[in-house]
Amino acid sequence: MHNPPSMTLPDDEQAREALLARCWPDGRKFCPRCRTPHPYTLAEGRLRCAGCRYTFHDFTGRWLNLTGLAPGQWLALTRAFALELGTREIAEAANISYNTALKALTALRLAIAAQGPDAPLLFSPHTGLHHLFASGKLIPAPESPPKTGFPVFGILHRGRRVFVDLIPELTAESILHFNHNFHLRVHRQGNVLVTDRYKTYEALLLCGDESLPFHYLQSHAGECFAQSGGSLFWNFCRERLRRYKGLSWCRFPLYLKELELRFNHQHQDLAPLALSALCSHIPERFMPLST
Ligand SMILES: [Zn+2]
507 MHNPPSMTLP DDEQAREALL ARCWPDGRKF CPRCRTPHPY TLAEGRLRCA
557 GCRYTFHDFT GRWLNLTGLA PGQWLALTRA FALELGTREI AEAANISYNT
607 ALKALTALRL AIAAQGPDAP LLFSPHTGLH HLFASGKLIP APESPPKTGF
657 PVFGILHRGR RVFVDLIPEL TAESILHFNH NFHLRVHRQG NVLVTDRYKT
707 YEALLLCGDE SLPFHYLQSH AGECFAQSGG SLFWNFCRER LRRYKGLSWC
757 RFPLYLKELE LRFNHQHQDL APLALSALCS HIPERFMPLS T
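Numbers 507 to 797, taken from my numbering, label the letters of the sequence shown in order.
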């Protein structure tokens with residue numbers, strides 16, 4: 507167990523400077539909507555675009571703006587996240603309520619998932635991630651799974667790096683079909699299914715809910731590669747996935763992308779990466795800025 511970080515919150519003014527340095531790395535501000543540089547400075551820290559007249563502030567359109575934490579709280583939260591503390595401890599470290607911590611962690615996980623080259627696919631209708639935020643705010647997760655079915659992810663190793671790929675052509679139904687008709691071994695852990703090797707992937711992963719006919723799964727002789735310890739990534743995440751409270755199909759892609767980041771940056775401080783992700787703009791195609 508890690509020791510909880512110091513309860514002393516970072517100074518808000520210094521924390522704000524640290525966030526601003528990540529938001530505007532070269533100090534040159536621009537409009538988040540049309541990218542016109544040199545906005546006018548208005549009262550109370552607001553800025554106005556000379557091109558499209560859009561009024562914004564330093565954090566407008568960025569992931570950290572999805573929830574209203576003070577800069578010092580964001581710094582404390584990302585430090586605690588980097589130490590892999592539980593949500594309750596993270597809430598204490600940032601001096602916020604449990605529910606606020608849950609929301610802030612969702613914003614952080616969305617920010618992390620948005621950094622990779624696979625982000626356009628991850629935020630497509632295949633996953634439901636785009637249902638978690640709109641109009642600059644987080645919104646409650648959808649009840650029903652995407653029309654395309656529960657998404658399936660493939661685990662791939664290249665050197666020492668792991669890649670967690672969304673495979674849009676596969677769904678939970680395909681996995682059940684492969685299990686039945688092609689004897690693909692499938693192991694169940696709660697609502698999560700992990701399969702034997704499939705094509706170039708060392709395992710396929712998905713998270714369903716009670717609507718999935720788990721009873722339909724057949725067991726086949728022999729060992730599932732991942733479940734028998736063959737996949738370093740599955741070894742890394744099987745216990746961690748158990749610890750996520752309320753693991754749902756909708757947040758599953760976020761947890762997988764977080765675990766991919768943790769796996770690929772073991773023994774490194776994740777806090778700077780987390781802060782940079784939070785300070786990046788939400789791509790317009792994921793969330794258009796209001797007019
Ligand atoms: Zn503009």
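Glycine included, each C-beta is placed from N, C-alpha and C at the ideal position.
Give me the Cα-Cα distance between residue i and residue j, rounded to the nearest whole angstrom.
{"i": "Ser680", "j": "Asn741", "result": "24 Å"}
{"i": "Asn509", "j": "Leu591", "result": "Since pLDDT at Asn509 reaches only 49, below the 50 mark, its modelled position is unreliable, and the value read off the structure follows with that caveat. Answer to the nearest angstrom: the Cα atoms are 9 Å apart."}
{"i": "Trp580", "j": "Phe792", "result": "23 Å"}
{"i": "Pro516", "j": "Glu523", "result": "11 Å"}
{"i": "Asn697", "j": "Gly714", "result": "5 Å"}
{"i": "Glu708", "j": "Leu627", "result": "21 Å"}
{"i": "Arg749", "j": "Cys743", "result": "10 Å"}
{"i": "Leu589", "j": "Arg559", "result": "42 Å"}
{"i": "Leu795", "j": "Arg694", "result": "41 Å"}
{"i": "Ala726", "j": "Thr633", "result": "The amino acid occupying residue 726 in the given sequence is His; Ala does not appear at that position. Roughly 29 Å separates the two Cα atoms."}
{"i": "Ala620", "j": "Ile788", "result": "8 Å"}
{"i": "Ser754", "j": "Leu760", "result": "10 Å"}
{"i": "Ala805", "j": "Arg568", "result": "Not covered by the structure: residue 805. The range shown for the chain is 507 to 797."}
{"i": "Tyr546", "j": "Leu614", "result": "30 Å"}
{"i": "Arg534", "j": "Asp518", "result": "22 Å"}
Whose C-alpha, out of the options, is nearest the C-alpha of residue i?
{"i": "Leu525", "options": "Phe562, Ala549, Tyr546 and Asn571", "result": "Asn571"}
{"i": "Ala777", "options": "Ala527, Tyr546 and Phe587", "result": "Phe587"}
{"i": "Arg746", "options": "Gly728, Gly736 and Glu766", "result": "Glu766"}
{"i": "Cys529", "options": "Ala727, Asp564 and Leu616", "result": "Asp564"}
{"i": "Cys756", "options": "Ala549, Ile661 and Ser630", "result": "Ser630"}
{"i": "Gly557", "options": "Thr573, Phe536, Phe769 and Leu575", "result": "Phe536"}
{"i": "Gln772", "options": "Thr612, Phe739, Phe562 and Ala521", "result": "Phe739"}
{"i": "Gly660", "options": "Pro648, Leu718, Thr514 and Ile673", "result": "Ile673"}
{"i": "Asn685", "options": "Ala521, Pro719, Ser650 and Arg768", "result": "Pro719"}
{"i": "Arg664", "options": "Leu635, His683, Ser737 and Gln774", "result": "Ser737"}
Taking 5 Å as the limit, tell me which residues put their C-beta closer than that to any heavy atom of ligand 1, in chain order. Cys537, Arg539, Cys540, Thr542, Cys555, Gly557, Cys558 and Tyr560
At which residue ranges does the segment 739-763 contain complete alpha helix (DSSP H) runs of 4 or more residues, listed in the order of the chain? none
Quick test of the definition: if touching needs 3 or more C-beta pairs under 8 Å, does the segment 725-743 touch the segment 776-787? no
At least 3 beta-carbon pairs within less than 8 Å: the segment 532-551 vs the segment 586-604: no
Counting only runs that start and end within the segment 676-706, where is the beta strand (DSSP E) found for 3 or more residues in a row? 692-695 and 698-701
Between the segment 712-727 and the segment 653-668, can you find at least three pairs of beta-carbon atoms closer than 8 Å? yes
Touch test, the segment 667-676 against the segment 618-635, Cβ-Cβ under 8 Å, three pairs minimum: yes
For a minimum of 4 consecutive residues, which ranges assigned as the alpha helix (DSSP H) are wholly contained in the segment 563-640? 577-588, 593-600, 604-619 and 625-628
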